[in-house]
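J.: The letter at position 76 of the sequence shown is residue 76 when you use the numbering used here, and the numbering goes up by one with no holes.
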Amino acid sequence: MWRSTPRKSLFDRSAAILAALVLLALSSQRAVLAQVVPRGAQTVPTIAYDAALAALANGDFAVALETAGRDYAGGVRAGNQRWIDSIASATVIGESHYELGALRAAVAAYDEAILLGATNSEWLLAVQFPAQGPQPSQRPRVATWGRSARGTKSTTFPDTMTIRQ
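Now the structure itself:
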């Protein structure tokens, strides 16, 4: 026998679902980053890079190439010199070209990524790490390829850190 749900119960369910969706949105990494990053500051990699990776993973290579190309064009520069944020976009461009069969363009994009990495090889020294080191992870994860015999420990660290350019 079918029973109709009273309006109050349906409203309570809708409110609970809405509250869960709001909490999910607020707890997502991008939402947290938007709250932590000072106004006017830029986070890298960008949301466009995330979209390019998603397109690449879905097999939409032309879309990935176009999105990564726009992200690469808008990358951080010091004068006419590109910064390390362009490495990720150049790599997606290379992978997209490779998947589309444009091997020369793929090699050129990969070369650009490697050159940027070599040119800015000391970028890690510019990262301003928190005074407190990495904290032990509450939920350690096992690598998908198996358990390590070296006794390594999983740790957590901040999602964002400041870096001098």
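A virtual CB, placed ideally from N, CA and C, is assigned to each residue, including glycine.
#1: Taking S121 as the reference, which of V63, I87 and E95 has the closest Cα?
#2: Would A118 be called buried (16 or more neighbouring beta carbons within 10 Å of its own) or exposed?
#3: Do you know whose CA, among P158, P140, F157 and Y49, lies nearest R151's CA?
#4: So is T162 buried or exposed if we call it buried at 16+ other beta carbons inside 10 Å?
#5: Quick check on the DSSP output: the alpha helix (DSSP H) that includes D113 runs from which residue to which?
#6: My output table needs one value for V63: the three-state DSSP class, helix, strand or coil.
#7: Does DSSP put V127 in a helix, a strand or coil?
#8: Put A78 into one of helix, strand or coil per three-state DSSP.
#9: Just the C-alpha distance for I93 and T156, rounded to the nearest angstrom, thanks.
#10: Would E99 and F61 be called neighbours here (beta carbons separated by less than 7 Å)?
T.: Taking the geometry as given:
#1: Working through the sequence shown from its first residue, we reach residue 121 at position 121. Comparing Cα positions, the closest option is I87.
#2: One-based indexing of the sequence shown puts residue 118 at position 118. Around the beta carbon of A118, a 10 Å sphere encloses fewer than 16 other beta carbons of the protein chains shown; the residue is thus reported as exposed.
#3: Walking along the sequence shown from the start, residue 151 turns up at place 151. Before going further, note that residue 151 is Gly rather than Arg in the sequence given. Per the Cα distances, P140.
#4: The count along the sequence shown starts at 1 and reaches residue 162 at position 162. T162 should be labelled exposed.
#5: Mapped onto the sequence shown, residue 113 falls at position 113. The displayed chain sequence assigns Ala, not Asp, to residue 113. Annotation: the continuous alpha helix (DSSP H) that includes A113 extends over L103 to T119.
#6: Within the sequence shown, the letter at position 63 stands for residue 63. V63 falls in the helix class under three-state DSSP.
#7: Taking the first residue of the sequence shown as position 1, residue 127 is located at position 127. DSSP, reduced to helix, strand and coil, places V127 within a strand of the structure shown.
#8: Position 78 of the sequence shown holds residue 78. DSSP, read as helix, strand or coil, puts A78 in strand.
#9: Taking the sequence shown and counting its residues from 1, the one referred to as residue 93 is at position 93. Taking the sequence shown and counting its residues from 1, the one referred to as residue 156 is at position 156. Rounded to whole angstroms, I93 to T156 spans 30 Å at the Cα level.
#10: To locate residue 99, count along the sequence shown from 1; it is residue 99. To locate residue 61, count along the sequence shown from 1; it is residue 61. Yes, these two residues count as a Cβ contact at 7 Å.
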